[in-house]
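Residue numbering for the sequence shown follows the numbering used here, beginning at 313 and increasing consecutively.
Built from N, CA and C at the ideal position, the CB exists for glycine as well.
None of these values were measured; they are calculated from a predicted model.
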Amino acid sequence: KHWKNVHNLRDTMIDTNKLLSRQGPSKRYTELLTEYQNMHKVSDGMFNGRSLVKFIDIIKNYLDKHECKSLIDYGCGKGLLYTEDFKKVTRSNEALQVPLTEYWGLDKLALFDPGHEEHNKLPMGLYDAAISTDVLEHVPTSDLDWVIREIFSYSQKMVFLNIACMPAIKKLADGSNAHISLHSPYDWLQYIAEITDDFTKQYPDFTVYVFFDVLDEDDRLITEGYKIHKRINIVPLTQMDKDTNNVIVGEE
313 KHWKNVHNLR
323 DTMIDTNKLL
333 SRQGPSKRYT
343 ELLTEYQNMH
353 KVSDGMFNGR
363 SLVKFIDIIK
373 NYLDKHECKS
383 LIDYGCGKGL
393 LYTEDFKKVT
403 RSNEALQVPL
413 TEYWGLDKLA
423 LFDPGHEEHN
433 KLPMGLYDAA
443 ISTDVLEHVP
453 TSDLDWVIRE
463 IFSYSQKMVF
473 LNIACMPAIK
483 KLADGSNAHI
493 SLHSPYDWLQ
503 YIAEITDDFT
513 KQYPDFTVYV
523 FFDVLDEDDR
533 LITEGYKIHK
543 RINIVPLTQM
553 DKDTNNVIVG
563 EE
């Protein structure tokens with residue numbers, strides 16, 4: 313692999329507390345939730361969904377592949393990309409011309425973010441797909457098990473995750489880094505694969521796509537994608553174009 317280890321990023325097992333839950337999260341989770349609720353109120357541009365933009369077409373490809381017509385965005389922030397205000401998030405040179413619900417051809421959509429008052433009600437029911445971008449690295453490691461399982465529990469076909477594996481620019485009120493769960497892609501994959509395996513027992517074709525934002529050996533930000541499917545089968549989806557240094561995404 314060409315991603316590098318950075319501060320607090322080591323190939324060690326992710327150690328979660330499986331006794332924690334939505335009804336009984338860690339004290340740190342509750343503290344952070346309050347802090348993020350306050351951050352949301354500071355600015356309309358705070359957590360507006362910008363981190364999702366670079367994955368719009370990749371996700372569309374997977375939604376089409378798995379014939380997904382319903383979706384939940386877990387940790388959606390303000391979710392502006394799904395509204396007529398989507399242009400407040402995209403830039404003029406980006407291709408999106410309609411709200412995501414229309415672009416992805418969805419018949420049913422749920423938005424959930426416990427940090428934003430408009431979307432803080434936990435949805436009910438099942439969806440074809442669940443996506444969560446720029447979320448899990450903000451969750452205390454102790455709470456990752458129940459949060460990941462909650463995301464998965466909404467989907468019956470596919471899950472798309474994007475996780476940053478390097479420190480954030482943003483700092484929390486106590487001075488600590490906003491990315492409080494920093495783990496290597498290898499450890500994330502092993503942990504997520506075990507949870508995926510549990511869900512494939514109910515949905516045999518259940519597929520998880522995980523895209524990591526990582527620093528390469530030259531401290532350049534790159535993205536690496538993987539597919540997890542059937543009995544802990546992990547398939548790389550991306551490779552670097554040596555001529556352009558761009559990431560090429562496979563067809564899977």
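Asked, Found
"Exposure of isoleucine 481, with buried meaning 16 or more beta-carbon neighbours within 10 Å", "exposed"
"Sheet register partners of glutamate 536 (DSSP bridge)", "Phe524"
"Inter-residue spacing [alpha-carbon to alpha-carbon] between serine 454 and proline 516", "28 Å"
"Beta strand (DSSP E) runs contained entirely in the region 340-403, provided each spans 3 or more residues", "382-386"
"Beta-carbon proximity list for isoleucine 370, same chain, < 7 Å, skipping 5 on both sides", "Val561"
"Min CB distance lysine 542 to chain C below 7 Å", "Of the protein chains in this structure there is only one, and it is not chain C."
"Contained beta strand (DSSP E) runs [length at least 3] in the region 443-490, N- to C-terminal order", "467-476"
"Assigned exposure category for glycine 487 - 16 Cβ within 10 Å defines buried", "exposed"
"Inter-residue spacing [alpha-carbon to alpha-carbon] between isoleucine 546 and histidine 428", "34 Å"
"Cα-Cα separation between isoleucine 507 and leucine 345, rounded to whole angstroms", "24 Å"
"Contact check, alanine 441 vs lysine 420, beta carbons under 7 Å", "no"
"C-alpha distance - methionine 325 paired with tyrosine 503, whole-angstrom precision", "8 Å"
"Contact the region 375-388 vs the region 407-420: 3+ CB pairs below 8 Å", "yes"
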